[in-house]
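Engineer: There's a structure below that I have some questions on.
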Amino acid sequence: MNKLKLLGPFSQLLTMEELPAKGPVSDEQLQIISNAGILVNGEFIEAVGSYRELKSLTPVTEDTGGIYTVMPGLIDVHSHICWAGSRAGDYARRLSGWSYLQIAEEGGGIWYTVTKTRQASEEMLVQITAAHAEIMLMEGVTTIEVKSGYGLNKESELKMLKAISIASEFTSADLIPTCLAAHIKPGDFEGTAMEYLVYIINEILPSVKSENLARRVDIYIDKGAFNEEEGRYFMKAARDMNFELSVHADQFNIGGLNLAVEFGALSADHLEATTDEGIRMIAASNVAPVALPGASIGLGTGFAPARKLLNQGTTLVIGSDWNPGSAPMGKLLLQASILGVYEKLTMAETLAAITCRAAPVLGLSDRGIIKPGMMADFIAFPCSDYREIIYSQGAIPVAEVWKRGRRVRNKE
Ligand code: NIG
Ligand code: FE
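Using the working numbering, the letters of the sequence shown correspond one by one to residues 159 to 570.
This is the structure we're talking about:
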């Protein structure tokens with residue numbers, strides 16, 4: 159059977175190819191192909207170009223063209239979509255003036271979700287995670303990082319990571335798991351925060367490794383979570399175990415970004431509290447800053463200094479942080495568009511932050527760009543000008559989604 163199929167013609171195709179890996183990007187730098195076609199070979203892209211030219215080279219056609227703008231499938235580098243229980247009560251308290259930390263100190267916050275997630279069966283978590291992933295996939299997100307972090311003991315952290323792994327069999331989206339056992343010290347742990355981190359290193363991470371449940375770890379550095387000294391111990395030990403590192407850094411208070419730089423983490427995520435000094439520090443490293451506008455919107459606080467981060471020459475990436483507490487919305491494209499208008503990001507910068515600049519944060523080099531050899535992950539919006547995508551602030555629904563060469567969302 160011939161695995162080749164030609165898709166198109168599409169009004170516009172945004173390849174996201176040949177953009178600088180770091181620093182500002184102008185819209186003029188976007189490579190746009192009009193009346194474009196994509197030749198797909200199984201799960202991969204074989205050729206990209208003028209539909210007419212591609213058609214003259216191959217007799218195989220699948221008629222899916224139309225007034226569409228096509229771009230790479232979106233990549234969400236930061237989510238917590240495996241959870242049980244609602245935090246609507248937390249949200250209501252925040253609206254009446256409580257802070258995130260106050261709510262946590264009163265038994266709400268992350269610990270509340272931990273108690274609900276521990277009670278949930280693995281099957282239940284599989285269903286919830288797959289359902290969240292399907293919502294994201296239908297919105298064009300074809301690769302999703304998913305953190306544990308609501309188990310916070312060996313049994314429940316492994317249950318979460320197994321649920322994430324099984325959930326990936328129920329969605330076409332690729333789920334990339336991260337162990338966030340170092341989210342907070344759980345309320346029932348008898349010992350210091352440092353002793354809890356030692357427990358993670360000695361008891362949880364060896365099983366994560368031997369059962370091949372995640373190749374990445376994350377730690378939350380802030381008041382109410384872990385401090386710098388604790389973070390340094392944990393990151394060194396996790397790095398020595400060959401885990402890839404990411405950090406919840408500088409969210410409410412400065413802390414964590416320096417550790418991300420010190421240990422060569424793939425990313426430092428949040429950065430709402432980051433100062434000019436922090437921006438200079440990360441700009442002098444290869445750590446990618448990840449802005450999480452969903453947490454700013456969910457908490458009603460300021461955004462990460464995305465414009466300054468780009469101007470200083472970093473590669474700005476944007477994630478959804480979808481979680482039941484600080485970022486209950488999901489909706490990566492909407493959030494990225496909102497960050498863009500407040501931070502004055504060009505459309506190219508916003509789109510790069512959720513495609514080509516996002517893939518390396520997950521250690522992936524086979525997606526985020528539409529070019530030969532890449533995974534055939536792409537999405538089509540019902541418009542003939544790519545600018546409509548950001549202009550509509552995420553409100554134009556994705557019409558079609560292809561994942562690994564297979565159409566998983568169809569306009570009908
Ligand atoms: O990225 N800040 C720490 N962790 C999550 C929130 C998790 C939660 O509130 O359940 C975040 O914002
Ligand atoms: Fe987060």
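In this text, a Cβ means the ideal position worked out from N, Cα and C, and glycines have one as well. Keep in mind that this is a model prediction, so the values were computed, not measured.
#1: Just to confirm the assignment: which complete beta strand (DSSP E) runs, minimum length 3, are found wholly within the region 373-461?
#2: What residue range is occupied by the uninterrupted alpha helix (DSSP H) comprising ALA262?
#3: With DSSP collapsed to three states, give me the class of TRP480.
#4: Are the region 295-303 and the region 329-340 in contact at 8 Å, needing three or more beta carbon pairs?
#5: Specify the secondary structure class of LYS320 as computed by DSSP and reduced to three states.
#6: For LEU316, which residues in the same chain have their Cβ closer than 8 Å to its Cβ, ignoring the five residues on either side in sequence?
#7: Taking Cβ to Cβ, would you say GLN409 is nearer than 8 Å to ASP434?
#8: With the cut-off set at 8 Å, would you say PRO230 and PHE536 are in Cβ contact?
#9: For the ligand FE, is there a heavy atom less than 7 Å away from the beta-carbon of ASN481?
#10: Whole angstroms are fine: how far does the CA of ARG397 sit from the CA of LEU490?
#11: Jot down the residue ranges of each uninterrupted beta strand (DSSP E) in the region 265-337, minimum 3 residues, whole runs only, in chain order.
#12: Tell whether a beta-carbon distance below 8 Å holds between ASN193 and ARG210.
#13: Inspect the beta-carbon positions of ARG438 and GLN470 and report whether they are closer than 8 Å.
#14: Less than 8 Å separating the beta-carbons of GLY195 and PRO167?
#15: If contacts are defined as beta-carbon pairs under 8 Å, then LYS180 and THR472 qualify, I think. What distance do you get, rounded to the angstrom?
#16: Would you say HIS236 touches the ligand FE, meaning its beta carbon is less than 7 Å from a heavy atom?
#17: Please state whether DSSP places PRO540 in a helix, a strand or coil.
#18: How big is the Cα-Cα spacing for LYS320 and ALA278?
#19: Would you say the beta carbon of HIS290 is closer than 7 Å to some non-hydrogen atom of the ligand NAP?
#20: Rounded to a whole number of angstroms, what is the C-alpha to C-alpha distance between THR222 and THR513?
#21: So MET318 and THR271 are in contact, right, with Cβ under 8 Å, and what is the actual spacing, rounded?
#22: Between the alpha carbons of GLY458 and SER208, how many angstroms are there, rounded?
#23: Does any heavy atom of the ligand NIG sit closer than 7 Å to the C-beta of GLN277?
#24: Could you check where the alpha helix (DSSP H) with LYS367 kicks off and where it finishes?
#25: Just to confirm the assignment, what range does the beta strand (DSSP E) spanning SER495 have?
Structural biologist: Result, derived from the coordinates:
#1: If we require 3 residues or more, the beta strand (DSSP E) runs fully inside the region 373-461 come out as 374-378, 402-407, 425-428, 446-449.
#2: The residue you call residue 262 lines up with position 104 of the sequence shown. 258-263 is the span of the alpha helix (DSSP H), which, as asked, contains ALA262.
#3: Translated into the one-based positions of the sequence shown, residue 480 becomes position 322. Three-state result, TRP480: coil.
#4: Yes, since at least three Cβ pairs between the region 295-303 and the region 329-340 fall closer than 8 Å, the two stretches touch.
#5: Looking up residue 320 in the sequence shown gives position 162. Note: LYS320 maps to helix in three-state DSSP.
#6: Within the sequence shown, the letter at position 158 stands for residue 316. Excluding sequence neighbours, LEU316 sits near GLY309, ILE362, SER365, VAL366, GLU369, LEU371.
#7: Numbered from its first residue, the sequence shown carries residue 409 at position 251. Numbered from its first residue, the sequence shown carries residue 434 at position 276. 8 Å or more divides the Cβ of GLN409 from the Cβ of ASP434.
#8: Position 72 of the sequence shown, counting from 1, holds the residue named residue 230. Position 378 of the sequence shown, counting from 1, holds the residue named residue 536. Closer than 8 Å, so yes.
#9: Within the sequence shown, numbered from 1, the residue matching residue 481 stands at position 323. Correct: ASN481 has its Cβ closer than 7 Å to the ligand FE.
#10: Counting from one through the sequence shown, the residue named residue 490 turns up at place 332. Counting from one through the sequence shown, the residue named residue 397 turns up at place 239. Computed Cα separation, rounded: 29 Å.
#11: Runs of the beta strand (DSSP E) inside the region 265-337: 299-305.
#12: Locating residue 193 in the sequence shown gives position 35, where the first residue counts as 1. Locating residue 210 in the sequence shown gives position 52, where the first residue counts as 1. Taking a C-beta distance under 8 Å as the contact criterion, ASN193 and ARG210 qualify as a contact pair.
#13: In the sequence shown, counting from the first residue as 1, residue 438 sits at position 280. In the sequence shown, counting from the first residue as 1, residue 470 sits at position 312. Yes, Cβ-Cβ distance for ARG438 and GLN470 is below 8 Å.
#14: Indexing the sequence shown from 1 puts residue 195 at position 37. Indexing the sequence shown from 1 puts residue 167 at position 9. Between GLY195 and PRO167, the C-beta gap is smaller than 8 Å, which places the two residues in contact.
#15: Within the sequence shown, numbered from 1, the residue matching residue 180 stands at position 22. Within the sequence shown, numbered from 1, the residue matching residue 472 stands at position 314. With a Cβ gap of about 6 Å, LYS180 and THR472 count as contacting.
#16: For the purposes of this step, residue 236 is taken as residue 78 along the sequence shown, with counting starting at 1. Because some heavy atom of the ligand FE lies under 7 Å away, the Cβ of HIS236 counts as near it: yes.
#17: Your numbering for residue 540 matches position 382 in the sequence shown. Annotated three-state conformation of PRO540 is coil, per DSSP.
#18: To locate residue 320, count along the sequence shown from 1; it is residue 162. To locate residue 278, count along the sequence shown from 1; it is residue 120. Straight-line Cα distance between these residues: approximately 13 Å.
#19: Inclusion of the ligand NAP in the displayed structure is not the case, the ligand content consisting of the ligand NIG and the ligand FE alone.
#20: Locating residue 222 in the sequence shown gives position 64, counting from the first residue. Locating residue 513 in the sequence shown gives position 355, counting from the first residue. Across the structure, THR222 and THR513 are spaced so that their CA atoms are roughly 23 Å apart.
#21: Along the sequence shown, one-based indexing puts residue 318 at 160. Along the sequence shown, one-based indexing puts residue 271 at 113. THR271 and MET318 do not touch by the CB rule: their CB atoms are close to 11 Å apart, not below 8 Å.
#22: Along the sequence shown, read from residue 1 onward, the residue named residue 458 stands at position 300. Along the sequence shown, read from residue 1 onward, the residue named residue 208 stands at position 50. GLY458 and SER208: Cα-Cα distance of roughly 45 Å.
#23: By one-based count along the sequence shown, residue 277 stands at place 119. Because no heavy atom of the ligand NIG lies under 7 Å away, the Cβ of GLN277 does not count as near it: no.
#24: For the purposes of this step, residue 367 is taken as residue 209 along the sequence shown, with counting starting at 1. Element bounds for LYS367: 363-368.
#25: For the purposes of this step, residue 495 is identified with residue 337 of the sequence shown, where counting begins at 1. Where SER495 is concerned, there is no enclosing beta strand (DSSP E), although the alpha helix (DSSP H) it sits in stretches over 490-501.
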